[in-house]
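Participant: Can you read through this structure? Questions will come right after.
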Amino acid sequence: MSSCFSSMHIVSGSCSSPLPPTLSPYENGNALFIKKPHTACGSVTVFTYDLQHVSTLQFNGRVAVMFSVPYDFNFYSNWYAMGVFDMDKACDQHLYDEMYNKSEQKFVRGKAKGPSLTYRGAYITVRATMSDTYQPILKVAICNN
Numbered sequence: 001m002s003s004c005f006s007s008m009h010i011v012s013g014s015c016s017s018p019l020p021p022t023l024s025p026y027e028n029g030n031a032l033f034i035k036k037p038h039t040a041c042g043s044v045t046v047f048t049y050d051l052q053h054v055s056t057l058q059f060n061g062r063v064a065v066m067f068s069v070p071y072d073f074n075f076y077s078n079w080y081a082m083g084v085f086d087m088d089k090a091c092d093q094h095l096y097d098e099m100y101n102k103s104e105q106k107f108v109r110g111k112a113k114g115p116s117l118t119y120r121g122a123y124i125t126v127r128a129t130m131s132d133t134y135q136p137i138l139k140v141a142i143c144n145n
């Protein structure tokens with residue numbers, strides 16, 4: 001499976017270095033999201049990549065990744081989630097709300113200070129870790145089943 005960038009919804013903060021447009025199998029990519037300076041807001045985003053089968057070029061699902069890095073660690077924690085959705089799942093405020101607040105159905109969610117997260121879908125397994133710091137690093141790996 002290769003991954004094609006689909007969409008991004010920023011709730012708070014900004015993206016100063018964008019996500020790569022495509023990721024081939026075994027390829028790494030980086031992006032940089034930052035908090036808005038001089039405000040009491042963190043960095044909160046959900047983004048999606050469409051999964052494309054390499055030989056048939058058909059799309060088999062949409063991986064969504066959500067993260068929330070708060071402004072104030074006295075009241076909030078770093079949270080993240082990821083999962084696999086149908087191709088018609090929009091990357092918007094509704095998806096962010098679902099992944100941050102709702103019960104886990106097509107995704108897994110956890111605090112950054114916990115163990116790594118793993119979501120096993122029909123075709124792929126998604127694994128992720130997030131450091132529990134003021135400038136966290138989120139790593140996501142997608143593997144074929």
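Here our numbering is used: position 42 in the sequence shown is 42, and no number is missing along the way. All C-beta atoms in this analysis are idealised placements derived from N, C-alpha and C, irrespective of residue type, glycine included. Keep in mind it's a predicted model, so treat the numbers as computed, not measured.
Helix, strand or coil for L95, going by three-state DSSP, please let me know.
Facilitator: Reduced to three states, the DSSP call for L95 is helix.
Participant: When the Cα atoms are used, what is the spatial distance from L51 to N144?
Facilitator: Near 11 Å, if we compare the C-alpha coordinates of N144 and L51.
Participant: Grab me the residues of K36's own chain with a C-beta within less than 6 Å of its C-beta, minus the 5 sequence neighbours each way, in chain order.
Facilitator: Excluding sequence neighbours, K36 sits near G13.
Participant: Candidates K139, H9, I10, V46: which alpha carbon is nearest P115's?
Facilitator: For the residues K139, H9, I10, V46, the minimum Cα distance to P115 belongs to K139.
Participant: Counting pairs of beta carbons, one from the stretch 79 to 91 and one from the stretch 24 to 42, are three or more of them closer than 8 Å?
Facilitator: Counting Cβ pairs under 8 Å, fewer than three are found: no touch.
Participant: If you draw a straight line from the alpha carbon of Y71 to that of P136, how long is it in whole angstroms?
Facilitator: Spanning the two alpha carbons is a distance of roughly 13 Å.
Participant: Check the C-beta distance from A64 over to T48 and give it rounded, since I have them as a contact under 8 Å.
Facilitator: At roughly 5 Å, the Cβ-Cβ gap stays under 8 Å, so A64 and T48 are in contact.
Participant: With 16 other CB atoms within 10 Å as the buried threshold, where does A128 fall?
Facilitator: A128 comes out buried.
Participant: What does the alpha-carbon distance come out to for the pair Y96 and M66?
Facilitator: Whole-angstrom Cα-Cα distance: 7 Å.
Participant: Can you give the Cα-Cα distance for G61 and M87, rounded to whole angstroms?
Facilitator: Those two C-alpha atoms are separated by around 5 Å.
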